[in-house]
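*Asks:* Under UniProt numbering, residues 1 to 362 are what the sequence shown spells out, in order.
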Amino acid sequence: MISDETTAGAVAGPGGTPPGPSAVRAEPTVDPVFSDEGGPADPAYPGNAPADPGEPAFSAEPEVVTGIEPADPAADVTPAFSGEPVADATPAAPAVPADPVFAEPAEDAPSLVDGATAPDPASAALPPELAEAARALFGDRLDLAAAYAELLATDGVVRGLIGPREAPRLWDRHLLNCAVVAERIPEGASVIDVGSGAGLPGLVLAIARPDLTLTLVEPLARRTSFLIEAVQRLGLTRDVRVFRGRAEEAAAGSRDREALSADIVTARAVAPLDRLAGWCLPLLVSGGRLVALKGASAADEIAEHTEAVVRLGGGTPELHRCGEGMVESPATVIEVVRERVVNPRRPKKPKRSRGGRRRGDR
1 MISDETTAGA VAGPGGTPPG PSAVRAEPTV DPVFSDEGGP ADPAYPGNAP ADPGEPAFSA
61 EPEVVTGIEP ADPAADVTPA FSGEPVADAT PAAPAVPADP VFAEPAEDAP SLVDGATAPD
121 PASAALPPEL AEAARALFGD RLDLAAAYAE LLATDGVVRG LIGPREAPRL WDRHLLNCAV
181 VAERIPEGAS VIDVGSGAGL PGLVLAIARP DLTLTLVEPL ARRTSFLIEA VQRLGLTRDV
241 RVFRGRAEEA AAGSRDREAL SADIVTARAV APLDRLAGWC LPLLVSGGRL VALKGASAAD
301 EIAEHTEAVV RLGGGTPELH RCGEGMVESP ATVIEVVRER VVNPRRPKKP KRSRGGRRRG
361 DR
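#1: Can you name, in chain order, every residue of its own chain whose Cβ lies under 8 Å from the Cβ of Val180, other than the five neighbours on each side?
#2: Give the list of continuous beta strand (DSSP E) stretches no shorter than 3 residues that lie fully inside the region 307-335.
#3: Quick one: is Ala230 buried, meaning 16 or more other Cβ sit within 10 Å of its Cβ, or exposed?
#4: Determine contact between the region 172-188 and the region 235-252, defined as no fewer than three beta-carbon pairs at a distance below 8 Å.
#5: If you compare alpha carbons, which of Ala146, Ala133, Arg135 is closest to Ala124?
#6: Tell me the residue span of the beta strand (DSSP E) that contains residue 370.
#7: With distances taken Cα to Cα, identify the nearest neighbour of Ala122 among Gly278, Leu142, Arg169, Leu161.
#8: Run through DSSP, which three-state label would Leu162 get?
#9: Taking the continuous beta strand (DSSP E) assigned at Val225, which residues delimit it?
#10: So Thr266 and Asp193 are in contact, right, with Cβ under 8 Å, and what is the actual spacing, rounded?
#11: Do Leu236 and Ala206 have their C-beta atoms closer together than 7 Å?
#12: Quick check on Glu150: buried or exposed, where buried means 16 or more other Cβ atoms within 10 Å of its Cβ?
#13: Could you check whether Val336 and Leu290 sit closer than 7 Å to each other, using their CB atoms as the reference points?
#14: Are the region 155-164 and the region 273-281 in contact at 8 Å, needing three or more beta carbon pairs?
#15: Pick from Gln232, Ser190, Leu152: whose alpha carbon is nearest that of Ala198?
#16: Determine the contact status of Gly288 and Arg338, defining contact as a CB-CB distance below 7 Å.
#17: Rounded to the nearest angstrom, how far is the Cβ of Pro219 from that of Arg244, given a contact under 8 Å?
#18: Grab me the residues of Leu293's own chain with a C-beta within less than 8 Å of its C-beta, minus the 5 sequence neighbours each way, in chain order.
#19: How far does the alpha helix (DSSP H) with Ala267 in it extend, from its first residue to its last?
#20: Using the Cα positions of Ala308 and Arg255, report the straight-line distance between them to the nearest angstrom.
#21: Taking the C-alpha atoms as reference points, what is the distance between Pro127 and Leu319?
#22: Check Ser196 in the structure and name its three-state DSSP category.
#23: Give me the DSSP bridge partner(s) of Thr215.
#24: For a quick check, are the C-beta atoms of Leu281 and Gly314 less than 7 Å apart?
#25: What's the call for Thr215, buried or exposed, on a 16-neighbour Cβ count within 10 Å?
#26: In the structure shown, what three-state DSSP assignment does Gly39 receive?
#27: Based on DSSP bridge pairs, tell me the residues matched to Ser254.
#28: Start and end of the alpha helix (DSSP H) containing Ile207?
#29: Just tell me which of Ala208, Arg233, Ala259, Glu129 has its CA closest to the CA of Leu284.
#30: When the Cα atoms are used, what is the spatial distance from Arg135 to Asn343?
#31: Would you call the CB atoms of Val242 and Thr224 closer than 7 Å?
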């Protein structure tokens, strides 16, 4: 599901590549680079409060999920060239900003932070009571899902993407909770996962649905480093690509790269519905759908933010439960259709005074 910026099927990763369609969108013409710059996320998009360092709540469960680092699509990004991914580095301040770019898997990429001790991978074992649901959702790719769960429980914990207490609960709270969302995605669709973080739900959907093509949008270097290695090690390089940048940058494009768009945009534990719609609707083709995984407050968000969503070009948000009859706690999803294109407001020019000068001019 992820490819490099030239073609979706151009990158070959070790371990083989599962079958799947080629990329739907044309790729940028610039050379792929990988940035090893990391650091804390800057405050959210203009006008938003800084990202909460606490753990976000998501999925259909009413309790607050702890140990998961929230995805932040708003961080400023300055990619730099690097020989291989680095889990976490303290970058020097760049002289000038650079456009975000597609990231390419590096050869012989390290799997753990130097000197770190990996947690016990047995903590990611599939509980027997969830085996039937897991087989129904992942089919013959269940082994691939198990490999991803082990990767989250080891490298993901070491790198701080997954809390240690989440490892024993990966299957029910995260993998199955994300996999059931596939029922809301049509066959052969292109998908953009905004604020992908550790790959939830993007990588889970890539495993469960080999017919999809996915782009994982993530602004932070240490997260994109993990995503790139996960895509490579799981053999998903044919149909999954990683874009390091914010959702706004992905939708805007640049002189050297076309704007990204897809049939479906997914997001999990990213932002309230009004802000999320502002970031995600521009990434959708006309008639495409935003599929946002939400928690127990989903109905309240719809009531509060419907007017804002409609102003942004979306239809009336709809609430859905995914996985009913299959998993104990169905996933709560809000869907929004992009009905029209809303042009961004241009800054007003200063008014001229009677004397001919613009107000504020000296």
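Ideal Cβ positions, reconstructed from N, Cα and C, are used throughout, including at glycine.
Small disclaimer: the values here were computed from a predicted structure and weren't measured.
*Replies:* According to the structure shown:
#1: Leu137, Cys322, Gly323, Met326, Val327, Pro330, Ala331
#2: 318-322
#3: buried
#4: no
#5: Ala146
#6: Since the displayed the chain opens at 1 and closes at 362, residue 370 lies outside it and no answer follows.
#7: Arg169
#8: Per the sequence presented here, residue 162 reads as Ile, with Leu not at that position. Three-state result, Ile162: strand.
#9: Sequence inspection shows Ser at residue 225; the Val mentioned does not correspond to that position. First-last for Ser225: 221-233, but that is the alpha helix (DSSP H), not the beta strand (DSSP E).
#10: That pair is a contact at about 5 Å.
#11: yes
#12: buried
#13: The criterion of a C-beta distance shorter than 7 Å is satisfied by Leu290 and Val336.
#14: Contact between the region 155-164 and the region 273-281 is absent, because fewer than three Cβ pairs lie under 8 Å.
#15: Leu152
#16: yes
#17: 7 Å
#18: Phe58, Ser59, Asn177, Cys178, Val181, Pro201, Thr266, Ala267, Arg268, Ala269, Ala331, Thr332, Val333
#19: From DSSP, Ala267 is part of no alpha helix (DSSP H) but of the beta strand (DSSP E) over 262-268.
#20: 31 Å
#21: 29 Å
#22: coil
#23: Ile192, Arg241
#24: For Leu281 and Gly314, yes; Cβs fall inside 7 Å.
#25: buried
#26: At Gly39 the pLDDT is 40, less than 50, meaning the model places this residue with poor confidence and gives no usable figure here.
#27: Arg257
#28: 202-208
#29: Ala259
#30: 45 Å
#31: yes
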